[in-house]
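With full-length UniProt numbering as the guide, the letters of the sequence shown map in order to residues 1 to 68. Here's the structure, in structure tokens; my notes come after.
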Amino acid sequence: MVEPDFNALGERAQSVIHLGSILHCVHLMPVAGNVFISQRVKFHNSLDAFQAYYVNKYINHHAHKIAF
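In structure tokens, the structure reads:
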């Protein structure tokens, strides 16, 4: 499970990374718990709508080898 990182002020931590440091994209599945997900959650606001995410290691064989 992965969670967003926050700085000392409670704001979401941000940084610039070099594109060469990205190894592979991941498929994130939100941890929704026992509540219904609002229909207002769309692709552009879904990262802010949830507190934690599961990394889908079964999306393809590359993700399974890299993630675990």
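The beta carbon of each residue, even a glycine, is placed where N, CA and C say it ideally should be.
Residue i versus the options, residue with shortest Cα-Cα distance
i: Val35; options: Glu3, Ala49, Ala13 and Gly10; result: Ala49
i: Met29; options: Asn7, Gly10, Leu9 and Phe43; result: Phe43
Cβ-Cβ distance between residue i and residue j below 8 Å
i: Met1; j: Tyr58; result: no
i: Asn56; j: His27; result: yes
Neighbourhood of residue i by C-beta, 6 Å cutoff - its chain only, sequence neighbours within 5 removed
i: Pro4; result: Arg12
Same chain only: Cβ atoms within 8 Å of residue i, ignoring 5 sequence neighbours per side
i: Val31; result: Met1, Phe50, Gln51, Ala52, Tyr53 and Tyr54
Three-state secondary structure (DSSP) of residue i
i: Leu19; result: helix
i: Leu9; result: coil
Any non-hydrogen atom of the ligand NAP closer than 7 Å to residue i Cβ
i: Tyr53; result: In the structure shown, the ligand NAP is absent, as is every other ligand, since no ligand is present at all.
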